[in-house]
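Peer 1:
There are 2 protein chains.
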Amino acid sequence: MPVAPRTQINILQQPTSAAWLSQAIANLDIILLDHSHCERKAAACALNLMFRYPAHQDLVTKLTAIAIEELEHFEQVNRWLARRGVPLAPLNAPPYGSSLKQLVRRQEPERLLDSLLMAALIEARSHERLGLLGEHCPDPELAAFYRGLMASEARHYGVYWVLADQYFERSVVQERLEEMATVESEILATLHPEPRIHS
Amino acid sequence: MPVAPRTQINILQQPTSAAWLSQAIANLDIILLDHSHCERKAAACALNLMFRYPAHQDLVTKLTAIAIEELEHFEQVNRWLARRGVPLAPLNAPPYGSSLKQLVRRQEPERLLDSLLMAALIEARSHERLGLLGEHCPDPELAAFYRGLMASEARHYGVYWVLADQYFERSVVQERLEEMATVESEILATLHPEPRIHS
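For the protein sequence lines, the chains are Z and E, in the order given. Numbering of the first sequence is given in this note's numbering, commencing with residue 1325 and proceeding in unit increments. Numbering of the second sequence is given in this note's numbering, commencing with residue 1325 and proceeding in unit increments.
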């Protein structure tokens, strides 16, 4: 199954607000630290799905590649933190991830579908927001770094979408994706007071 | 802190029995499938420690590299499975891992020390056993693959040992390592009836 063109998998219901961008630009170090956590969580998300579905050959193959790439990005973000003198530190997660997780149904095969679509939505939103930072970040080298990440991150949400499309009927995928994307945009409609990639 | 020479970190109390090698050679496909699971678990183990100690800079840096390498090995083992026509499938874990986990004390900082030493012991045992397969596997190409993995796997147990040595007094590390290594060898003294990397 070929990857759908990007316009067809541009799955976000609402674009990120200007308020988020202002908050992020005013707090670049915290955003970078949160970004580090996001890359590690993205790797863990891929790995968790590989543990849950160890016999799904295509899922395992594709998510191994994603997990490796996320860990490489994690390394790169951590080098940027070191360069800016920001020590690694824990950071409270915004409600975004846990709110999305509540959408995942518990029984199979719905659990697999929802998990793939949740990951697709998170990747799509990260892609959009890193793109905004790549465009508007006042540090030109850091902006270039964000644009560089974009080039390789762009594929991830497509991979999750293609896996969903492979294991489920397309009409089922589309309908559930719309439902989940609506909630995803609703979660972000109110800006979280702490600056985060998904605030 | 330089890495100690290999002789000093050859931490296993008892060598693997001839019985394990015979069992493994007679069940190469199952061993390969279990090996795939082991590589994925090793990546997850590194990632879990990175989640638990997000501000331990050196641990995070070194375990990111290990997690990436384990996932690359996972990919390579899975290609070998495909080549031999063995489908990915779940497999009951032998008691080895859960028995070792019972040694990990719950309070910090003992939990960190024990977790690092448990990982070091598992890596050391894997290293030893993959070495035996590299030497005795009747398929010369598969044997060469095991020897190739050895070259890069050899460092992992050293990394866990060095991290333990960095965060704790050496005498404390040595004493606890001896205690845990004794139990590790005891667990393997009775061959598990199902062929596994750690049967």
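Quick reminder that beta carbons are idealized off the backbone N, C-alpha and C, glycines included.
Could you give the DSSP three-state label for residue 1461 of chain Z: helix, strand or coil?
Peer 2: Indexing the first sequence from 1 puts residue 1461 of chain Z at position 137. Coil.
Peer 1: Going straight from the alpha carbon of residue 1377 of chain Z to that of residue 1366 of chain E, what length do you get?
Peer 2: Residue 1377 of chain Z sits at position 53 when you count from the first residue of the first sequence. Residue 1366 of chain E sits at position 42 when you count from the first residue of the second sequence. Between residue 1377 of chain Z and residue 1366 of chain E, the C-alpha separation is close to 17 Å.
Peer 1: In terms of alpha-carbon separation, which member of Z:1433, Z:1339, Z:1458, Z:1415 lies closest to residue 1361 of chain Z?
Peer 2: For the purposes of this step, residue 1361 of chain Z is taken as the residue at position 37 of the first sequence. The shortest C-alpha separation from residue 1361 of chain Z is found at Z:1415.
Peer 1: Cutting at 7 Å between CB atoms, please list the residues of its own chain near residue 1327 of chain Z, excluding the five before and the five after it.
Peer 2: Reading the first sequence from its first residue, position 3 is the one you call residue 1327 of chain Z. A caution first: residue 1327 of chain Z carries a pLDDT of 39, below 50, which makes its placement in the model unreliable, though a value can still be read off. So the qualifying residues of the chain are 1482, 1486.
Peer 1: Short check: CB of residue 1447 of chain E to CB of residue 1480 of chain E, under 7 Å?
Peer 2: In the second sequence, counting from the first residue as 1, residue 1447 of chain E sits at position 123. In the second sequence, counting from the first residue as 1, residue 1480 of chain E sits at position 156. Yes. Within cutoff.
Peer 1: Would you be able to state if there are at least three C-beta pairs under 8 Å between the segment 1419-1429 of chain Z and the segment 1505-1512 of chain Z?
Peer 2: yes
Peer 1: On the three-state DSSP scale, how would you describe residue 1418 of chain E?
Peer 2: Sequence index remark: in the second sequence, residue 1418 of chain E carries index 94 (1-based). Look at residue 1418 of chain E here: in three-state DSSP terms it is coil, with no helix or strand label.
Peer 1: Output, in chain order, the set of chain E residues within a Cβ distance shorter than 9 Å of residue 1375 of chain Z.
Peer 2: Within the first sequence, numbered from 1, the residue matching residue 1375 of chain Z stands at position 51. Going along chain E in sequence order, the residues near residue 1375 of chain Z (Cβ under 9 Å) are 1364, 1365, 1368.
Peer 1: Exposed or buried, residue 1375 of chain E, counting other C-beta atoms within 10 Å across all chains shown (16 or more means buried)?
Peer 2: Counting from 1 along the second sequence, the entry for residue 1375 of chain E is found at position 51. Residue 1375 of chain E comes out exposed.
Peer 1: Could you say which of Z:1439, Z:1339, Z:1352 lies nearest to residue 1463 of chain Z if we only look at CA atoms?
Peer 2: Here residue 1463 of chain Z is taken as the residue at index 139 of the first sequence, counted from 1. Nearest C-alpha to residue 1463 of chain Z: Z:1352.
Peer 1: Within the continuous alpha helix (DSSP H) that includes residue 1372 of chain E, where are the two ends?
Peer 2: For the purposes of this step, residue 1372 of chain E is taken as residue 48 along the second sequence, with counting starting at 1. Its alpha helix (DSSP H) spans residues 1352-1376.
Peer 1: Which residue comes first and which comes last in the alpha helix (DSSP H) that contains residue 1392 of chain E?
Peer 2: Numbered from its first residue, the second sequence carries residue 1392 of chain E at position 68. Taken as a continuous stretch (DSSP letters only), the alpha helix (DSSP H) holding residue 1392 of chain E covers 1381-1407.
Peer 1: Tell me where the alpha helix (DSSP H) around residue 1426 of chain E begins and ends.
Peer 2: Stepping through the second sequence from its first residue, residue 1426 of chain E is reached at position 102. Premise fails: residue 1426 of chain E is in no alpha helix (DSSP H) and is neither H nor E.
Peer 1: Determine the extent of the alpha helix (DSSP H) in which residue 1507 of chain Z is found, giving its start and end residues.
Peer 2: What you label residue 1507 of chain Z is simply residue 183 of the first sequence in a count that begins at 1. Run containing residue 1507 of chain Z: 1494-1513, per the alpha helix (DSSP H) assignment.
Peer 1: Assuming residue 1517 of chain Z and residue 1355 of chain Z are in contact, meaning their beta carbons sit under 8 Å apart, how far apart are those beta carbons, in whole angstroms?
Peer 2: Within the first sequence, residue 1517 of chain Z is the residue found at index 193, counting from 1. Within the first sequence, residue 1355 of chain Z is the residue found at index 31, counting from 1. Incorrect: roughly 14 Å between the Cβ atoms, too far for contact.
Peer 1: When the Cα atoms are used, what is the spatial distance from residue 1521 of chain Z to residue 1411 of chain E?
Peer 2: In the first sequence, residue 1521 of chain Z corresponds to position 197, counting from 1. In the second sequence, residue 1411 of chain E corresponds to position 87, counting from 1. If you take the alpha carbons of residue 1521 of chain Z and residue 1411 of chain E, they lie about 39 Å apart.
Peer 1: Say whether chain E places a C-beta atom closer than 7 Å to the C-beta of residue 1507 of chain Z.
Peer 2: Position 183 of the first sequence, counting from 1, holds the residue named residue 1507 of chain Z. Taking CB atoms only, residue 1507 of chain Z has no neighbour in chain E less than 7 Å away.
Peer 1: From the beta carbon of residue 1342 of chain E, is the nearest beta carbon of chain Z less than 7 Å away?
Peer 2: Translated into the one-based positions of the second sequence, residue 1342 of chain E becomes position 18. No, residue 1342 of chain E does not count as interfacial toward chain Z.
Peer 1: What three-state label does DSSP hand residue 1437 of chain Z in the structure shown?
Peer 2: As a first step, residue 1437 of chain Z is located in the first sequence; it is residue number 113 there, counting from the start. The answer is helix: DSSP assigns residue 1437 of chain Z an H, G or I state.
Peer 1: Here's the rule I'm using: 16 or more other beta-carbon atoms within 10 Å means buried, otherwise exposed. How should residue 1347 of chain E be labelled?
Peer 2: Translated into the one-based positions of the second sequence, residue 1347 of chain E becomes position 23. So residue 1347 of chain E ends up on the buried side.
Peer 1: Which residues mark the beginning and the end of the alpha helix (DSSP H) in which residue 1349 of chain Z is found?
Peer 2: Your numbering for residue 1349 of chain Z matches position 25 in the first sequence. 1342-1349 is the extent of the alpha helix (DSSP H) around residue 1349 of chain Z.
Peer 1: Quick one: is residue 1483 of chain Z near chain E, going by C-beta distance under 7 Å?
Peer 2: To locate residue 1483 of chain Z, count along the first sequence from 1; it is residue 159. Not an interface residue.
Peer 1: What residues from the segment 1395-1425 of chain E come within 9 Å of chain Z, judged by C-beta to C-beta, listed N to C?
Peer 2: 1395, 1396, 1398, 1399, 1402, 1406, 1411, 1412, 1413, 1414, 1415
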